[in-house]
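First up is the structure itself, then whatever we jot down about it.
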Ligand SMILES: [Zn+2]
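Residue numbers (this note's numbering): 239 to 356.
Spelled out as structure tokens, the structure:
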């Protein structure tokens with residue numbers, strides 16, 4: 239997957255579904271206008287229902303990495319897993335959604351806004 243330009247926004251989410259699909263304590267995604275992204279190669283996708291409409295997750299069938307997501311509520315936007323950039327200097331998330339479900343050990347820097355739900 240390639241992308242040009244800076245993300246429109248970056249956020250993290252610790253809802254239980256993001257915990258399951260990431261296999262970690264939260265997801266961490268950068269959202270780009272779809273027109274600035276392109277996908278080469280094979281990927282697999284699956285959809286789940288969520289309160290805001292469907293959420294489609296796409297992953298690499300070889301290594302299983304969760305690469306990107308699309309949400310019914312955000313047409314023409316692609317959320318790319320921030321870890322896929324393999325860049326420790328990548329922009330921090332501005333918000334953590336579903337903070338009410340975050341792991342208890344996870345304290346946030348003051349620069350990251352904690353949102354109790356979505
Ligand atoms: Zn989530």
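C-beta: ideal position from N, C-alpha, C; glycine also. Here the structure is a predicted model, which is why all the values come from computation and not from measurement.
Would the beta-carbon of residue 264 fall within 8 Å of that of residue 276?
-> In the chain shown, the residue the question calls residue 264 occupies position 26. In the chain shown, the residue the question calls residue 276 occupies position 38. Contact flag unset, no.
Short check: CB of residue 350 to CB of residue 332, under 8 Å?
-> Numbered from 1 along the chain shown, position 112 holds the residue referred to as residue 350. Numbered from 1 along the chain shown, position 94 holds the residue referred to as residue 332. At a Cβ-Cβ threshold of 8 Å, residue 350 and residue 332 count as neighbours.
Around ligand 1, what residues have a beta-carbon under 5 Å from a heavy atom of it, in chain order?
-> The answer, residue by residue, is 251, 253 and 256.
Determine, using beta carbons only, whether residue 272 and residue 314 come nearer to each other than 8 Å.
-> The residue labelled residue 272 in the question sits at position 34 within the chain shown. The residue labelled residue 314 in the question sits at position 76 within the chain shown. Yes. Within cutoff.
7 Å CB neighbourhood of residue 245 in its chain, flanking five on each side removed = As a position in the chain shown, residue 245 is number 7, starting the count at 1. Leaving aside the five residues that flank residue 245 on each side, the residues in its chain whose CB is nearer than 7 Å to its CB run, in chain order, 268, 269, 270 and 329.
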